[in-house]
Amino acid sequence: MSDFIKNILTNSKTIAMIGVSSLKKKEDPKMIKRKPSTIVMKYMQDFGYKVIPVNPSAVGEVIHGETVVANIEDISIPIDIVDVFRPSKEIPAIANQAVKIGTKVLWLQYGIQNEEAEQIVSKANILYVANRCIKQEYQKLFEKSNPVFPALIKR
323 MSDFIKNILT NSKTIAMIGV SSLKKKEDPK MIKRKPSTIV MKYMQDFGYK
373 VIPVNPSAVG EVIHGETVVA NIEDISIPID IVDVFRPSKE IPAIANQAVK
423 IGTKVLWLQY GIQNEEAEQI VSKANILYVA NRCIKQEYQK LFEKSNPVFP
473 ALIKR
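Just so we're aligned, residue 323 is where the sequence shown starts under my numbering, counting upward by one.
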């Protein structure tokens with residue numbers, strides 16, 4: 323599995339990150355730095371990936387220098403990885419969108435997996451990774467570190 327993931331991360335440059343957290347009204351702006359999705363987004367940017375945040379309730383906001391779009395079909399550049407921070411039940415619809423835009427990989431973060439979605443993307447020759455943190459996998463493979471709580475590590 324590590325060669326499979328290393329190959330994905332080595333040959334990918336753009337990530338559409340679905341479910342990147344935005345600030346809620348009356349929320350302390352410092353809180354956005356503690357949300358797992360924004361931590362992962364910033365980390366991957368720090369290592370050279372272009373990460374486009376996708377969140378229909380935050381369209382137009384700017385998170386880590388990138389403007390939030392409503393869905394992956396609104397992205398005008400080719401996307402290598404669709405990385406998802408959404409509940410498992412929403413994944414088949416996201417898988418269909420991933421097929422439509424012709425991404426190479428559907429990546430589901432910790433706790434997320436869906437057999438129907440796996441079948442959808444597999445039929446389209448899109449790679450499927452489930453229940454894994456893209457940040458932690460990068461750390462293990464390229465930084466040779468293995469933090470217990472990767473989203474809590476400050477950079």
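Just so you know, even glycine gets a beta-carbon here, dropped at the ideal spot from N, CA and C.
Contact check between the segment 363-378 and the segment 450-468: three or more CB pairs, one atom from each, fall below 8 Å, which counts as touching. Using a Cβ distance threshold of 8 Å, residue 405 and residue 425 do not count as a contacting pair.
With fewer than 16 other beta carbons inside 10 angstroms of its own, residue 433 counts as exposed. Taking 8 Å as the upper bound for CB-CB distance, residue 392 and residue 417 are not in contact here, some 18 Å apart. Ranked by Cα distance from residue 331, the first of 414, 384 and 371 is 371. The straight-line gap separating the alpha-carbon atoms of residue 373 and residue 362 is approximately 10 Å. In the DSSP assignment, residue 368 falls within the unbroken alpha helix (DSSP H) covering 358-368. Nearest to residue 427 by alpha-carbon distance, out of 448, 384 and 328, is 448.
Secondary-structure assignment with DSSP links residue 460 through no beta bridge to anything. Counting only unbroken stretches of 3 or more residues, the beta strand (DSSP E) elements lying wholly within the segment 405-438 are 427-430, in sequence order. For residue 335, the CB contacts under 7 Å within the same chain, skipping 5 residues up- and downstream, are 371, 372 and 402 in chain order.
Counting along the chain, residue 335 sits inside no beta strand (DSSP E), nor does DSSP assign it H or E at all.
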